[in-house]
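Chains as they are written, first to last, in our numbering: chain U, 1 to 90; chain A, 1001 to 1248.
Using N, Cα and C, we set each Cβ at its ideal position, and we do this for glycine too.
Treat the numbers as computed from the prediction; the structure is a model and nothing was measured.
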Amino acid sequence: MSVRVNVHPNLYQFTNDQAIVEVNGSTVGQCLDDLVKQLPQIRQGLFGKDGKLLNYVDIYVNLESSYPEELAKPVKDGDELHITLIIAGG
Amino acid sequence: MLTRSELARYDRQIMVRGFGVEGQEKLKQARIFIAGAGGLGSAAATYLTAAGVGMIRVVDHDMVELSNLNRQVLHWDEDIGKKKVDSATEKLKRLNQEVEVEAIAEMVTEANISQLVAGFDLIVDAVDNLPTRYLLNKVALEKNIPLFHGAVYGFEGRAMTIIPGETACLRCVYRGVVPGEKFPVIGVTPAVIGCIQATEVIKYIAGIGQLLTNRLLVYDGLNMKFTEFRLKKDQNCEHCGHLARGKK
Chain U
1 MSVRVNVHPN LYQFTNDQAI VEVNGSTVGQ CLDDLVKQLP QIRQGLFGKD
51 GKLLNYVDIY VNLESSYPEE LAKPVKDGDE LHITLIIAGG
Chain A
1001 MLTRSELARY DRQIMVRGFG VEGQEKLKQA RIFIAGAGGL GSAAATYLTA
1051 AGVGMIRVVD HDMVELSNLN RQVLHWDEDI GKKKVDSATE KLKRLNQEVE
1101 VEAIAEMVTE ANISQLVAGF DLIVDAVDNL PTRYLLNKVA LEKNIPLFHG
1151 AVYGFEGRAM TIIPGETACL RCVYRGVVPG EKFPVIGVTP AVIGCIQATE
1201 VIKYIAGIGQ LLTNRLLVYD GLNMKFTEFR LKKDQNCEHC GHLARGKK
């Protein structure tokens, strides 16, 4: 299943400045695993040492939050993910 | 009742369909709490003052530094070393003498926040850190005061409007924390977001238009894109879940 992942600009340092990456998976977690497989450096921007999604990373599926299912949320062919990071400047 | 001078000053916005004299009179009655006199606060406070709200209380404990001046347009070279709230209120009073502007040079804390916002109709979130935003969110929910959120980083900005008990709150959306660090920002980014916050405030007071509720607007200045994420109230939200459950 092909899913488009929109990467947050703060993570471009791990994607060679790619803003959009095509991945495969039937859940958010599988899609992120495939993303990490393609771009291993991005793991440090998404997951903690415990393997859990960092608490300032939010994933949206077709512009709706994946919370609370998060990684377990199912996705289908053609879906679009947005990886966002909390920002706090004023 | 608007004076002849006010009718002239606000003529162009009174002309706006649906706003009118009634909208202007509502603005004149409004008391607005602005947390932060930095980038977001400069833009929001400037346009709310120009629009003719009744009263603004600006709270910030920082002093003006040279590195603030790329974005915090209420502060100028001559203000370096002054309290930001003093610098801000001086400009705002010069911009529009009809608006009462009050400066409080304090840090917003759990201990003082309830007292700081008491008697205010609206809260504008123009702070630079997440812990204070969570305090603003909590107090807004407790006191049933609408909260107008904004945040920036680099070329990115975000905004959302929170109506306590009715819409998703900040904690429904954000559960984590980010390290308190010096953040990069292009000066125009807080100007864009601060103006969006001011727009929301004006619409809310006048009771017109569609508010940015249950939506997180993300502005990407680098690619000049606006993306809107749809939000839902989290029934188990640490801050507003009890309000949702109480409504069942």
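Worksheet item: In this structure, does DSSP put residue 1003 of chain A in helix, strand or coil?
Response: Taking the second sequence and counting its residues from 1, the one referred to as residue 1003 of chain A is at position 3. Reduced to three states, the DSSP call for residue 1003 of chain A is coil.
Worksheet item: With 16 other CB atoms within 10 Å as the buried threshold, where does residue 75 of chain U fall?
Response: Within the first sequence, numbered from 1, the residue matching residue 75 of chain U stands at position 75. Per the 10 Å Cβ criterion, buried.
Discussion item. So residue 1156 of chain A contacts chain U; which residues on that side make the cut at Cβ distance below 8 Å?
Written reply: Looking up residue 1156 of chain A in the second sequence gives position 156. Chain U residues near residue 1156 of chain A: 9 and 87.
Practice prompt. Mind listing the chain U neighbours of residue 1040 of chain A? Cutoff is C-beta to C-beta under 7 Å, in chain order.
Written response: To locate residue 1040 of chain A, count along the second sequence from 1; it is residue 40. Those within 7 Å of residue 1040 of chain A in chain U are 90.
Worksheet entry | Interface partners of residue 1151 of chain A on chain U, CB under 7 Å | Locating residue 1151 of chain A in the second sequence gives position 151, counting from the first residue. Within chain U, the residues near residue 1151 of chain A are 87, 88, 89 and 90.
Discussion item. Relative to the C-alpha of residue 1158 of chain A, which candidate in A/1227, A/1179, A/1117 and A/1103 has its C-alpha closest?
Written reply: Along the second sequence, read from residue 1 onward, the residue named residue 1158 of chain A stands at position 158. Measuring from the Cα of residue 1158 of chain A, the nearest candidate turns out to be A/1227.
Fill in: Local Cβ density within 10 Å of residue 1024 of chain A, reported as buried at 16 or more and exposed below that
The residue you call residue 1024 of chain A lines up with position 24 of the second sequence. When all chains shown are included, residue 1024 of chain A counts as buried.
Practice prompt. From the DSSP output, in three-state form, read off residue 1241 of chain A for me.
Written response: On the second sequence, residue 1241 of chain A is found 241 positions in, with the first residue counted as 1. Helix.
Worksheet item: What residues in its chain sit with their C-beta under 6 Å from that of residue 1248 of chain A, if we drop five residues either side in the sequence?
Response: Along the second sequence, read from residue 1 onward, the residue named residue 1248 of chain A stands at position 248. Caution applies to residue 1248 of chain A, whose pLDDT of 44 falls short of 50 and renders its modelled position unreliable; the model cannot decide the point.
Practice prompt. Under 8 Å by Cβ, that's how I've got residue 1167 of chain A and residue 1236 of chain A pegged, so tell me the actual separation to the nearest angstrom.
Written response: Counting from one through the second sequence, the residue named residue 1167 of chain A turns up at place 167. Counting from one through the second sequence, the residue named residue 1236 of chain A turns up at place 236. In fact, because the Cβ distance is near 16 Å, the residues do not count as touching under 8 Å.
Worksheet item: Counting only runs that start and end within the segment 15 to 88 of chain U, where is the beta strand (DSSP E) found for 3 or more residues in a row?
Response: 20 to 24, 57 to 61 and 80 to 85
Worksheet entry | CB contact flag (residue 1152 of chain A, residue 1189 of chain A, <7 Å) | For the purposes of this step, residue 1152 of chain A is identified with residue 152 of the second sequence, where counting begins at 1. For the purposes of this step, residue 1189 of chain A is identified with residue 189 of the second sequence, where counting begins at 1. Closer than 7 Å, so yes.
Discussion item. Taking CB distances under 7 Å as the criterion, tell me whether residue 1130 of chain A reaches chain U.
Written reply: Within the second sequence, residue 1130 of chain A is the residue found at index 130, counting from 1. Yes, contact with chain U.
Discussion item. Judging by CA-CA distance, which residue of A/1004, A/1015 and A/1205 is the nearest neighbour of residue 1032 of chain A?
Written reply: Taking the second sequence and counting its residues from 1, the one referred to as residue 1032 of chain A is at position 32. Among A/1004, A/1015 and A/1205, the Cα nearest to that of residue 1032 of chain A belongs to A/1205.
Discussion item. With DSSP as the reference, identify every bridge partner of residue 1126 of chain A, one or two as the case may be.
Written reply: To locate residue 1126 of chain A, count along the second sequence from 1; it is residue 126. DSSP output for residue 1126 of chain A lists no bridge partner at all.
Discussion item. Assuming contact is defined by CB atoms lying nearer than 7 Å, are residue 1155 of chain A and residue 1222 of chain A in contact in what I supplied?
Written reply: What you label residue 1155 of chain A is simply residue 155 of the second sequence in a count that begins at 1. What you label residue 1222 of chain A is simply residue 222 of the second sequence in a count that begins at 1. Yes.
Worksheet item: In chain A, which residues lie less than 9 Å from residue 64 of chain U when you measure between Cβ atoms?
Response: By one-based count along the first sequence, residue 64 of chain U stands at place 64. Within chain A, the residues near residue 64 of chain U are 1229, 1230, 1231 and 1232.
Item to complete: On a CA-only basis, which of A/1131, A/1126, A/1150 and A/1119 is nearest residue 1144 of chain A? Give me that one, please.
Response: Here residue 1144 of chain A corresponds to residue number 144 of the second sequence, with the count starting at 1. The residue with the shortest Cα to Cα distance from residue 1144 of chain A is A/1119.
Worksheet item: By Cβ distance below 8 Å, which residues in the same chain neighbour residue 22 of chain U in space, the five residues on each side in sequence not counted?
Response: Taking the first sequence and counting its residues from 1, the one referred to as residue 22 of chain U is at position 22. Within the same chain, residue 22 of chain U has close Cβ partners 2, 3, 4 and 5.
Worksheet entry | Inter-stretch contact (C-beta, 8 Å, three-pair minimum) for the segment 1074 to 1089 of chain A and the segment 1110 to 1128 of chain A | Contact between the segment 1074 to 1089 of chain A and the segment 1110 to 1128 of chain A is absent, because fewer than three Cβ pairs lie under 8 Å.
Worksheet item: Quick one, which residues of the segment 11 to 33 of chain U are near chain A if we go by CB-CB under 7 Å, in chain order?
Response: none
Worksheet item: With which residues is residue 1104 of chain A paired in a DSSP beta bridge?
Response: As a working mapping, residue 1104 of chain A is identified with position 104 in the second sequence. The partner list for residue 1104 of chain A (beta bridge, DSSP) reads A/1059.
Item to complete: Starting from the C-beta of residue 11 of chain U, find all residues in its chain whose C-beta is less than 7 Å away, skip the five residues before and the five after it, and write them out in chain order.
Response: Residue 11 of chain U sits at position 11 when you count from the first residue of the first sequence. Cβ neighbours of residue 11 of chain U beyond the five flanking positions: 42, 45 and 83.
Worksheet item: Since residue 2 of chain U sits in a beta bridge, which residues does DSSP pair it with?
Response: Taking the first residue of the first sequence as position 1, residue 2 of chain U is located at position 2. Residue pairing by DSSP puts residue 2 of chain U in a beta bridge opposite U/24.
Fill in: Within-7 Å CB hit, residue 1019 of chain A to chain U
For the purposes of this step, residue 1019 of chain A is identified with residue 19 of the second sequence, where counting begins at 1. Judged by the 7 Å Cβ criterion, residue 1019 of chain A is not in contact with chain U.
Discussion item. I want to verify the contact list: residues of chain U whose CB lies under 7 Å from the CB of residue 1174 of chain A, in sequence order.
Written reply: Against the second sequence, residue 1174 of chain A aligns to sequence position 174. Residues of chain U with a Cβ closer than 7 Å to the Cβ of residue 1174 of chain A are, in chain order, 86.
Worksheet item: residue 1207 of chain A to residue 1165 of chain A, Cα distance in whole Å?
Response: As a working note, residue 1207 of chain A is residue 207 in the second sequence. As a working note, residue 1165 of chain A is residue 165 in the second sequence. Using only the alpha carbons, I get a separation of about 18 Å.
Practice prompt. Please confirm if residue 1126 of chain A has its CB atom under 7 Å from at least one CB of chain U.
Written response: For this step, residue 1126 of chain A is matched to residue 126 along the second sequence. Interface with chain U (7 Å Cβ-Cβ cutoff): residue 1126 of chain A is included.
Worksheet item: Buried or exposed: which applies to residue 1007 of chain A, given that a residue is buried once 16 or more other Cβ atoms fall within 10 Å of its Cβ?
Response: The residue you call residue 1007 of chain A lines up with position 7 of the second sequence. Burial call: exposed.
Discussion item. Could you check whether residue 1099 of chain A and residue 1037 of chain A sit closer than 7 Å to each other, using their CB atoms as the reference points?
Written reply: Stepping through the second sequence from its first residue, residue 1037 of chain A is reached at position 37. Stepping through the second sequence from its first residue, residue 1099 of chain A is reached at position 99. No, they are not a contact pair.
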